[in-house]
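Residue numbers (the working numbering), protein chains in the order written: chain A, 762 to 913; chain B, 57 to 136.
The following block contains the structure:
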């Protein structure tokens, strides 16, 4: 069993993460790699500055990983989320996991990224080619539920 | 009693600070902390019921806060 999560301020090495989850018990390995893209809501993007409530983000990311492992029977899982200034094409998050069978691997991967989107206290300020920048989703819905409603 | 309110991202910009010490009386709740922040200059841009975490755990508006608590006002998250 190898479950690891980290909030990092350096480049994410996806190949290293793929190597980390290798286990001959598993027939399926999935890597979800989130990257900075060049267009958002019709605006040309130059990069994204990621920030976080660091201590809580580390706790929530670890909780997401352990929930994912328990729910889908995953024994090999690593999630890294990067903070700081990222350029186009840079990897902001990698979720790499392995399972004996593909169906559970796909489901677990999807579960993990959706939970990150819903509740990880991370924010991004997007920079545009016209020199302006804006907080992404600043007027968006509050997505995470209060703790008493969560299945912990 | 005193609690520390933490502000992030757009909320920190609105209030011009990422950390505010608040002195409260009685048996205050998360809602009282939010109302105090919303009454501050720039605080009107905070929603009436934002996402809040007390001591690193998501909390409802009716949760009591204790002296020394760290009450984080969490803008809509945008990770990934």
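C-beta: ideal position from N, C-alpha, C; glycine also.
Contact annotation, residue 121 (chain B) with residue 133 (chain B): C-beta distance approximately 22 Å; criterion of less than 8 Å not satisfied. Excluding residues up to 5 positions away in sequence, 788 and 789 lie with their Cβ nearer than 7 Å to the Cβ of residue 862 (chain A) in the same chain. For residue 827 (chain A), the enclosing alpha helix (DSSP H) stretches over residues 815 to 833. Contact annotation: in the segment 97 to 129 of chain B, residues whose CB is within less than 7 Å of a CB in chain A are 106, 107, 109, 112, 113, 114, 115, 116 and 128.
Annotation for residue 763 (chain A): the continuous beta strand (DSSP E) segment containing it runs 763 to 769.
If you keep only unbroken alpha helix (DSSP H) runs of at least 4 residues inside the segment 763 to 811 of chain A, you get 775 to 781.
In this structure, the alpha-carbon of residue 824 (chain A) lies about 12 Å from that of residue 839 (chain A).
Assigned with DSSP and collapsed to three states, residue 866 (chain A) falls in helix. When the Cα atoms are used, residue 849 (chain A) and residue 795 (chain A) turn out to be separated by approximately 11 Å. Between residue 107 (chain B) and residue 71 (chain B), the CB-CB gap reaches or exceeds 9 Å.
Taking a cut-off of 8 Å for Cβ pairs, the segment 81 to 96 of chain B and the segment 121 to 131 of chain B touch, as three or more such pairs fall below it. In terms of Cβ geometry, residue 766 (chain A) and residue 826 (chain A) form a close pair [threshold 9 Å]. Look at residue 773 (chain A): its C-beta is not under 9 Å from any C-beta on chain B.
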